[in-house]
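Below is one structure, written out as structure tokens, with a few remarks after it.
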Amino acid sequence: MRIALLYPPPWKIPAPGEALDASGDGPPAEYREGDLDPDFHQTPYGLFSLGAQAIRAGHQVKVLNLSSYPFSQVERVVRELGADVFGLSCWTANRRGVALTARCIRRLHPGAHIVVGGPHATPLAAEMLRHHPEIDTVTLGESEHSFLELLERLEAGRPALGVAGTAYRVDGRVELGPPRPAIEELDALASPHDHFATHIVMTSRGCAWACTFCGAEATWGRGFRGQSVPYVLDSIEAAVAKLPVKMVQIKDDTFTTNRKRVIEICRGIRDRKISFLWSCDTRVDVLGEELLREMRLAGCQRLSLGVESGSPSILKNIDKKITVKKIIESTELAKKYGIQVRYYMMLGNRGETAETFRETLAFLEAARPHQYIFSCLSIYPGTRDFDDAEAAGWLERDVYFRGDFQELKTPFDASEEDTALMSAWFEQNKGLRELYREGVEERLAILERLGDHHAAHLELGVAYLDAGQLDLAERHAARALELGHPLPGLALNALACVAAGRRDWQAMQDHFTAAAKRDPQHAVLIRNVQAARAWFAKGGPGKGLPLDLVARCDFQLLERTAQPALPGPLPEDFAAWPQAVARPAPARPAEAGGRDAAAQRGRLRVLPS
Numbered sequence: 001m002r003i004a005l006l007y008p009p010p011w012k013i014p015a016p017g018e019a020l021d022a023s024g025d026g027p028p029a030e031y032r033e034g035d036l037d038p039d040f041h042q043t044p045y046g047l048f049s050l051g052a053q054a055i056r057a058g059h060q061v062k063v064l065n066l067s068s069y070p071f072s073q074v075e076r077v078v079r080e081l082g083a084d085v086f087g088l089s090c091w092t093a094n095r096r097g098v099a100l101t102a103r104c105i106r107r108l109h110p111g112a113h114i115v116v117g118g119p120h121a122t123p124l125a126a127e128m129l130r131h132h133p134e135i136d137t138v139t140l141g142e143s144e145h146s147f148l149e150l151l152e153r154l155e156a157g158r159p160a161l162g163v164a165g166t167a168y169r170v171d172g173r174v175e176l177g178p179p180r181p182a183i184e185e186l187d188a189l190a191s192p193h194d195h196f197a198t199h200i201v202m203t204s205r206g207c208a209w210a211c212t213f214c215g216a217e218a219t220w221g222r223g224f225r226g227q228s229v230p231y232v233l234d235s236i237e238a239a240v241a242k243l244p245v246k247m248v249q250i251k252d253d254t255f256t257t258n259r260k261r262v263i264e265i266c267r268g269i270r271d272r273k274i275s276f277l278w279s280c281d282t283r284v285d286v287l288g289e290e291l292l293r294e295m296r297l298a299g300c301q302r303l304s305l306g307v308e309s310g311s312p313s314i315l316k317n318i319d320k321k322i323t324v325k326k327i328i329e330s331t332e333l334a335k336k337y338g339i340q341v342r343y344y345m346m347l348g349n350r351g352e353t354a355e356t357f358r359e360t361l362a363f364l365e366a367a368r369p370h371q372y373i374f375s376c377l378s379i380y381p382g383t384r385d386f387d388d389a390e391a392a393g394w395l396e397r398d399v400y401f402r403g404d405f406q407e408l409k410t411p412f413d414a415s416e417e418d419t420a421l422m423s424a425w426f427e428q429n430k431g432l433r434e435l436y437r438e439g440v441e442e443r444l445a446i447l448e449r450l451g452d453h454h455a456a457h458l459e460l461g462v463a464y465l466d467a468g469q470l471d472l473a474e475r476h477a478a479r480a481l482e483l484g485h486p487l488p489g490l491a492l493n494a495l496a497c498v499a500a501g502r503r504d505w506q507a508m509q510d511h512f513t514a515a516a517k518r519d520p521q522h523a524v525l526i527r528n529v530q531a532a533r534a535w536f537a538k539g540g541p542g543k544g545l546p547l548d549l550v551a552r553c554d555f556q557l558l559e560r561t562a563q564p565a566l567p568g569p570l571p572e573d574f575a576a577w578p579q580a581v582a583r584p585a586p587a588r589p590a591e592a593g594g595r596d597a598a599a600q601r602g603r604l605r606v607l608p609s
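Each residue of the sequence shown is one higher than the one before, starting from 1 at the first, in the numbering used here.
If you want it as structure tokens, here you go:
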């Protein structure tokens with residue numbers, strides 16, 4: 001069968017020069033450019049996992065990211081695809097676009113089967129079917145097995161009713177199939193990285209905690225399940241091989257839940273000599289010195305921590321189960337080994353007041369992470385916040401079908417005065433904020449702790465460059481290259497900055513040229529090359545004009561607008577279907593922590609814990 005897995009836009013996006021949709025299907029009135037953060041445009045990992053399972057089962061599969069497409073282009077894509085089954089990924093932010101895309105599919109392909117899944121559709125499955133008659137099936141939670149069973153029935157011409165883990169209609173009534181248990185043997189799933197190029201990797205599912213604002217349990221069920229270490233290493237190796245810039249984001253809800261497992265993964269990365277840099281998301285109470293050192297030596301550059309608040313009372317109210325003391329201790333441990341620390345912070349959680357807000361700001365000055373980013377509380381279906389707000393009578397689930405808002409951002413119970421105070425501050429301080437950066441002394445100590453480590457050498461070289469010590473900067477950047485830094489373009493960029501500091505313009509150009517050949521897509525490198533070109537065009541060397549170059553080596557992805565990972569341009573023959581492959585025999589259970597050959601080569605994005 002021909003399967004099209006689509007990530008729809010949030011609403012009817014107008015084409016350039018086109019007026020906003022007059023029927024009310026366009027962006028919300030309050031929408032401003034940038035309200036949709038970059039994470040929104042990443043293809044949900046779950047689509048890649050569904051695609052991998054369907055490919056292994058012998059189906060023809062296309063995964064397309066339409067999240068930034070004008071709706072006229074969405075209609076063109078749908079018209080030309082002509083799939084038998086369309087699967088749509090539904091999040092709160094794109095729920096309206098999912099409904100519009102389903103309507104478009106039904107109009108253009110009346111015989112196609114339309115199935116919707118994702119973290120917004122799961123808790124509102126019955127409502128989705130009642131409000132959107134174009135949708136045939138909603139899958140609940142993790143959907144690989146449900147989706148494959150659905151495909152088997154459709155291919156055999158049998159009714160797609162009663163499949164475990166789905167919602168559907170019978171004679172106009174919405175019904176639910178029997179519950180489907182969580183997938184315990186994650187190694188039995190086909191890896192997305194054998195078929196798709198994406199810098200996102202997931203190695204586990206579920207979270208052992210239950211913060212009030214988080215919907216992880218609605219998607220994955222209770223508890224933590226991890227892939228085996230060999231499976232994870234195979235997936236990482238396959239992912240890195242497909243990426244032009246060797247940087248990966250591990251987007252498990254809480255990657256370091258099982259510390260022993262993560263240490264084994266890190267040692268496996270080094271044993272296999274998989275050369276890349278990576279980041280991960282986790283909690284402050286599942287870290288430790290041995291773990292952080294092993295992570296750093298295996299390439300971990302950034303740790304994103306779900307901190308949420310610096311107020312003990314708010315942490316208690318949201319059931320975070322961490323303390324301010326533990327946050328600061330874990331931050332200092334990560335800094336000790338040179339891992340960049342990013343805090344995810346929130347405003348408007350239950351019990352938030354001007355006083356707790358000021359506590360949080362004072363806490364940030366004391367903890368001094370490298371970066372922090374605030375978000376306002378969004379009430380997502382499937383969370384305790386949603387359930388409690390509905391029970392209290394101030395939230396009706398029907399609002400998600402009536403309202404045109406992007407997400408329901410609202411303080412849980414703050415006063416109007418305190419809400420106005422926080423809103424005004426947020427408007428002035430939204431986005432990623434920089435707070436801390438190591439100097440030469442700190443970087444020297446980190447290098448001594450790690451030994452002759454490529455990334456630590458480069459970071460020390462950049463610190464020396466910032467301090468104006470060009471000879472030492474050159475020595476350590478060159479040593480990073482000798483040791484096989486996975487992003488040689490960054491080391492060459494630093495050497496170009498050294499050459500510029502010496503006014504050796506030819507050496508600067510030579511380093512930039514070498515960097516462009518070896519590591520052409522890192523954001524800092526692109527920025528500097530463009531600045532140098534503009535400077536030369538203005539006659540910079542002869543006129544003595546200043547040249548503004550930046551030497552940075554922190555974790556920063558350049559997200560390429562290329563299908564299917566991000567909504568890039570489509571080739572002219574995008575509607576041509578691949579040939580179906582012969583179906584393999586059913587996979588046997590994986591051997592002793594590994595996996596069966598038939599199963600060799602699943603990010604449903606969820607809220608951070």
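Glycine included, each C-beta is placed from N, C-alpha and C at the ideal position.
Status (buried if at least 16 other CB within 10 Å, exposed otherwise) for residue i
i: Trp-394; result: exposed
i: Gly-223; result: exposed
i: Lys-251; result: buried
i: Gly-46; result: buried
i: Leu-617; result: This structure does not reach residue 617, given that the chain is present from 1 up to 609, and the question cannot be answered.
i: Gln-249; result: buried
i: Gly-431; result: exposed
i: Glu-18; result: exposed
i: Leu-545; result: exposed
i: Lys-538; result: exposed
i: Val-550; result: exposed
i: Ala-239; result: buried
i: Gly-82; result: exposed
i: Gln-579; result: exposed
Pair within 9 Å by beta-carbon distance, residue i and residue j
i: Glu-134; j: Ile-105; result: yes
i: Arg-259; j: Lys-336; result: no
i: Val-307; j: Tyr-372; result: yes
i: Gly-299; j: Ile-274; result: yes
i: Asn-349; j: Phe-213; result: yes
i: Leu-525; j: Gly-489; result: yes
i: His-195; j: Pro-567; result: no
i: Ala-102; j: Lys-62; result: no
i: Ala-565; j: His-199; result: yes
i: Ala-463; j: Val-498; result: no
i: Ala-473; j: Ala-494; result: yes
i: Leu-347; j: Gly-288; result: no
i: His-145; j: Leu-297; result: no
Own chain residues within Cβ distance below 6 Å of residue i, not counting five before or after
i: Gly-403; result: none
i: Arg-605; result: Confidence at Arg-605 is low in this model, with a pLDDT of 28, below 50, so the placement of that residue is unreliable and no value is reported for it.
i: Ser-143; result: Gly-117
i: Ala-354; result: Asp-418 and Leu-421
Close-in-space but distant-in-sequence residues of the same chain around residue i (CB under 8 Å, 5 per side omitted)
i: Leu-154; result: Met-1, Asp-84, Val-85, His-113 and Ala-160
i: Asp-285; result: Lys-321, Ile-322, Lys-326 and Ser-330
i: Phe-147; result: Leu-50, Gln-53, Ala-54, Gly-87, Val-115, Gly-117 and Thr-139
i: Gln-396; result: The sequence as given places Glu at residue 396; Gln does not occur at that position. Excluding sequence neighbours, Glu-396 sits near Glu-390.
i: Ala-218; result: Pro-119, Thr-122, Pro-123, Gly-141, Pro-381, Gly-382 and Thr-383
Cβ-heavy atom distance, residue i to the ligand PLP, below 8 Å
i: Ala-156; result: Among the components of this structure there are no ligands whatsoever, and the ligand PLP is therefore not found.
For residue i, the residue or residues it bridges with in DSSP
i: Cys-376; result: Leu-347
i: Gln-60; result: Arg-2
i: Arg-225; result: Arg-205
i: Arg-302; result: Ser-279 and Gln-340
i: Tyr-7; result: Asn-65
i: Gly-117; result: Ser-89
i: Glu-434; result: Gln-371
i: Met-247; result: Leu-277
i: Glu-442; result: According to DSSP, Glu-442 bridges with nothing at all.
Same chain, Cβ closer than 7 Å to residue i, neighbours up to 5 away in sequence not counted
i: Ala-456; result: Gly-338, Ile-446, Leu-447 and Leu-450
i: Met-128; result: Val-116, Ala-121, Ile-135 and Val-138
i: Arg-479; result: His-457
At 4 residues or longer, what runs of the alpha helix (DSSP H) sit wholly inside the segment 166 to 197?
The qualifying runs do not exist here; there are none.
Can you check the segment 84 to 115 for any alpha helix (DSSP H) of at least 4 residues that lies completely inside it and give the ranges in chain order?
Entirely contained in the segment 84 to 115, the alpha helix (DSSP H) runs reaching 4 residues are, in chain order, 95 to 108.
Ignoring anything shorter than 4 residues or poking outside the segment 259 to 299, list the alpha helix (DSSP H) runs there in chain order.
DSSP runs (the alpha helix (DSSP H)) wholly in the segment 259 to 299: 259 to 272 and 289 to 297.
Enumerate, from N- to C-terminal direction, the unbroken beta strand (DSSP E) stretches of 3 or more residues contained entirely within the segment 469 to 546.
Runs of the beta strand (DSSP E) inside the segment 469 to 546: none found.
In the segment 133 to 157, which residue ranges form an unbroken alpha helix (DSSP H) of at least 4 residues, counting only runs that do not cross its ends?
Complete alpha helix (DSSP H) runs here, min 4: 144 to 155.
For a minimum of 4 consecutive residues, which ranges assigned as the alpha helix (DSSP H) are wholly contained in the segment 23 to 72?
The qualifying runs are 45 to 56.
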